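In numbering that gives the first Met the number 0, the protein residues as written are 0 to 100.
Written out below as C-alpha cells is the structure these notes cover.
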Amino acid sequence: MAAIKGYAEIVQELLAHGDIDVNFQDEEGETVLFAAVREGNEVAFWKLTAYSGINPHLRNKKGETLLMTAILAKQQSAEILQWLLDQCDVNLQDNEGETAL
C-alpha cells in the first residue's frame, strides 16, 4: 500500500526491517514493485530495486511483466523504462501472446 500511495519513506522503513517478503504476490500476482511502476512512483521504485532480493522478473496472473506494466502506466518515467529495458526480456509474451514491443 505504501508504494501505491506514494509513501516512499514508509517503503524505506519497511525495507529496513528486513523480515518482509518484497516479492510477495497478491491475488492478481502483482508485487509491490508492480504497484510502484504502475503509479509512476520513482522514489519507491528506486528504493525497492536497490533492495537485495527484489525480483524484477516476476509476472502477474495475466503473464504481464514489469516492463509491460510500465508501458501501460498512466505516469511513465523514462528512467524506469530504461532500467526495465536493461533488465527484462522485451520478447516475453503475456497470456494473450502480446509482448512489450
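For glycine and all other residues, C-beta sits at the position ideal for the given N, C-alpha and C.
All of these numbers come straight from a predicted model, not from anything done at the bench.
Item                                                                                                                                             : Value
Going by CA-CA distance only, name the one from ASP88, SER76, THR30, GLN75 that's closest to GLY52.                                              : THR30
Could you work out which residue in ASN90, GLU41, ARG58 is closest to GLY28 when comparing CA atoms only?                                        : ARG58
Going by Cα to Cα distance, which pick from ASP93, THR98, ALA15, ALA99 is closest to GLY62?                                                      : ASP93
Determine the direct distance from the alpha carbon of SER76 to that of ALA15, and round the result to whole angstroms.                          : 25 Å
List the whole-angstrom C-beta distance separating LEU65 from LEU91, where the pair is believed to meet the contact cut-off of C-beta under 8 Å. : Their Cβ separation, rounded to whole angstroms, is 11 Å, which puts LEU65 and LEU91 out of contact at 8 Å.
Since LEU83 and ALA69 are thought to touch, with beta carbons under 8 Å apart, how far apart are those beta carbons, to the nearest angstrom?    : 5 Å
Do you know offhand how far GLU97's Cα is from LEU80's?                                                                                          : 18 Å
When you compare each of THR48, ASN40, MET67 to ASP88 by their alpha carbons, which one comes out closest?                                       : MET67
For the alpha helix (DSSP H) containing GLN81, list its first residue and its last residue.                                                      : 77-86
If you follow the alpha helix (DSSP H) that ARG37 is part of, which residue opens it and which one closes it?                                    : 31-38
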